[in-house]
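Protein chains in written order, with the numbering used here: chain A, 2 to 134; chain B, 1125 to 1271. Heads up, the beta-carbon is just placed ideally off N, CA and C, and yes, glycines get one too. Predicted model, so just to flag it, every value in this text is computed and none were measured. Data block below; observations after.
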Amino acid sequence: MAQELATKDTRDVAETNGDANRRAMAFTPAVDIFEHDETTVIVADMPGVSPDDVDVTLERQVLTLRGKVHPYTPKGYRRLSSEYREGDYVRIFTLSDEIDQAKINAEFKNGVLRLELPRSAETKPKKISVKAA
Amino acid sequence: MLQPVFSPLNNGDPFADMRRMQSAMNRLFEGARAPGQSATYPPVNFWAGEDSIVMTTELPGLTDQDIELTVKDTMLSIRGTYAEPESGDDIVWHRRERVDGSFLRSVELPFRVNPDHIDARFENGVLTVEMQRPEDDKPKRIEIKTT
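What follows is the structure in structure tokens.
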């Protein structure tokens, strides 16, 4: 299963580290996480991100999901009202299981990232037989 | 001097009660504004041009087939249904934050739009609708004569 790393509760806007003058914001994408048949599936909403701008990294057990958004401004138009804001997406998880890196399946469709993370063979629970003394 | 937490009669600040009420009201409405459960889903952005208007909204996970867009006079309605989340006996859920179910939102446009000249696109989970003001509805410029 996946444990979330360093996010502020109830806030869906994460501050970017370092340069405070940068007005760019990173949003926390909504995710669904479930497990079935030795596979952890993470589904993340990243509307406005094109498939080439999605970046998924797995380093040791730290899984980072990133999506870059190019804010949309129609030419010759001025902003009238806005109910939502656009910005990049970042979300970091630590995975409690060893993942078989070669078998990770990632697909991005209609602004949704779907990651399938199969558990690697050596971390599958092994039965240890207890000998009677 | 230390003031007791709640003293309705002996209170230097006549607005304290009002503020307390206000923060209680804010707390009450906070729950209703949780993502996905908002009364006005999906949130929309509007852009105004000379004689046209653009609306954008984020609908991640839908396809163009799942969205129904209708316009009548100055009312634009967006209707859609998200796919059922995966189910099965062997599924163990850890997190469920994404929106599901169906929604309907109607928004009032600042002017009538020509229903034959609407350009709607759906790309990467974002719906963009460009609407034109009909010719007979455009404001006419009136010339002012000088004597």
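Bounds of the beta strand (DSSP E) holding Arg1203/B are Met1199 to Thr1205.
By the Cβ test, the stretch 44-58 of chain A is in contact with the stretch 87-98 of chain A, since at least three Cβ pairs between them sit closer than 8 Å. Sequence-distant Cβ neighbours of Tyr1165/B in its own chain, meaning closer than 6 Å and more than five residues away, are Phe1227. Across the structure, Gly112/A and Pro72/A are spaced so that their CA atoms are roughly 14 Å apart.
At a cut-off of 8 Å between beta carbons, Leu1186/B contacts chain A. Here the stretch 104-123 of chain A does not lie against the stretch 1193-1202 of chain B, with fewer than 3 beta-carbon pairs under 8 Å apart.
Within the DSSP secondary-structure output, Thr1187/B pairs in no beta bridge. Within 9 Å of the CB of Asn1238/B, no CB atom of chain A is found; the nearest one sits about 17 Å away. Residues of chain B whose Cβ lies closer than 9 Å to the Cβ of Arg79/A are, in chain order, Trp1171, Ala1172 and Gly1173. In the DSSP assignment, Ser1147/B forms no beta bridge with any residue. For Arg92/A, the enclosing beta strand (DSSP E) begins and ends at Asp89 to Leu96.
Here the alpha carbon of Asp1240/B sits roughly 14 Å from the alpha carbon of Ile1177/B. At least one CB atom of chain A sits nearer than 8 Å to the CB of Gly1249/B.
Assigned with DSSP and collapsed to three states, Glu1208/B falls in coil, not helix or strand.
When secondary structure is reduced to three states using DSSP, Lys128/A falls in the coil class, being assigned neither helix nor strand. Shown here, Met1142/B sits in a helix according to DSSP, grouped into three states. If you compare the alpha carbons of Asp1260/B, Val1216/B and Phe1170/B with that of Glu1232/B, the shortest gap goes to Phe1170/B. The C-beta distance from Arg1222/B to Val42/A rounds to 12 Å, too long to fall under 8 Å, and the pair is not in contact. In the three-state reduction of the DSSP assignment, Gln62/A falls in the coil class, being assigned neither a helical nor a strand state.
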